[in-house]
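Worksheet: the structure to be examined is printed underneath.
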Amino acid sequence: ELKVEQNPLFLSMQEGKNYTIYCNYSTTSDRLYWYRQDPGKSLESLFVLLSNGAVKQEGRLMASLDTKARLSTLHITAAVHDLSATYFCAVDMIPNFGNEKLTFGTGTRLTIIP
Amino acid sequence: KAGVTQTPRYLIKTRGQQVTLSCSPISGHRSVSWYQQTPGQGLQFLFEYFSETQRNKGNFPGRFSGRQFSNSRSEMNVSTLELGDSALYLCASSFRQGAFRTEAFFGQGTRLTVV
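Residue numbers (the working numbering), protein chains in the order written: chain A, 1 to 114; chain B, 115 to 229.
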C-alpha cells in the first residue's frame, strides 16, 4: 500500500525567509503533484512532476522530484503572507494504465508571519 | 472555461438517511474522481470513473457508491449515513487519452454534516 508522509505538519515562517517542505512516499511512482488549499476552499494545482530530477518553479515556489529517494521537496523562497495556506503532495499509483488513484500526504499548514 | 462544479455546496443529513452528491467536470474531461477530506483521516480516494465505468475504488464500505453518465457528469451516493461520514467531499476531473492524463482539477466540494 502506498504511503505518503509530509513534514513538517505545521510551519510558521517569517516573511522573507526560506524554507522547504518534504514529501516522502513508500513505493515507486512517477507522478507526483503539489496542491495548495486555502481555508474553506478547494485544492489548487501547483506542480506536476513526472520524472526523476524534474524541477519546476512558479514565483517563490520550486518543486523537485527524486524518484530514487522517493522524495519530493517544495521550496519556498523569500516567503510572503499570500503564501499562507495548506500544501499537499499527492502521489499516483503505478502502474495506473491511465487511471487515477491519488494518495495524499497529511498536508503542511504554512503560516507566514509579517 | 468553467471549472468543476459540485452541488450542493452544503448538506445536513440525519443518521440513517442517504445522500446524493453531484459533480459536473470541466468540459472535455471524461475522468471524474471523488475524494473525502476529514480532519482525522485527511484526503482519501473514494473512486474514479472514466467513460461511465468505475476504474478504481478506495477502501470505503459499500455504502459509498457512484456512477457516471454519458455526458461525464458524476454522482456519488452514500446510504445509511453515519456520523463519521461528515466530511468535505471533493470531486476532481482530468483529461485522459490512453495512458496520458492531466493533473486532477478539483471542485469547491460539498460539505456534508451528519447529525
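Beta carbons are placed, not taken as given, at the ideal position from N, Cα and C, and that holds for glycine.
Check	Outcome
So with Cβ pairs under 8 Å, would you call L43(A) a contact of chain B?	yes
If you run the structure through DSSP and keep just helix, strand and coil, what is L197(B)?	helix
Using only CA atoms, which one of D82(A), I76(A) and E100(A) lies nearest to K17(A)?	I76(A)
So, at 7 Å on beta carbons, what are the nonlocal neighbours of P122(B) in its own chain, with the 5 sequence-adjacent residues on each side left out?	T224
Within 8 Å of any Cβ in chain A, is that where the Cβ of S186(B) sits?	no
For S84(A), tell me which candidate among S12(A), S29(A) and N99(A) has the shortest Cα-Cα distance.	S12(A)
Give the residues of chain B in contact with L102(A), contact being defined as C-beta atoms less than 7 Å apart.	F159 and A218
Of the residues that make up the stretch 163-178 of chain B, which ones have a beta carbon closer than 8 Å to any beta carbon in chain A?	F164, R169, N170 and G172
Is there a C-beta anywhere in chain A that falls below 8 Å from the one on G180(B)?	no
Is S145(B) closer than 8 Å to E100(A) when the C-beta atoms are compared?	yes
Is it buried or exposed, Q14(A), if we count other Cβ atoms within 10 angstroms and call 16 or more buried?	exposed
I'd like to know if the stretch 45-64 of chain A and the stretch 143-162 of chain B are in contact, where contact means that at least 3 CB-CB pairs between them fall below 8 Å.	no
Put L50(A) into one of helix, strand or coil per three-state DSSP.	coil
Against S193(B), what residues of chain A qualify as contacts under a CB-to-CB distance less than 7 Å, listed in chain order?	Residues of chain A passing the Cβ test: none, with the nearest at roughly 23 Å.
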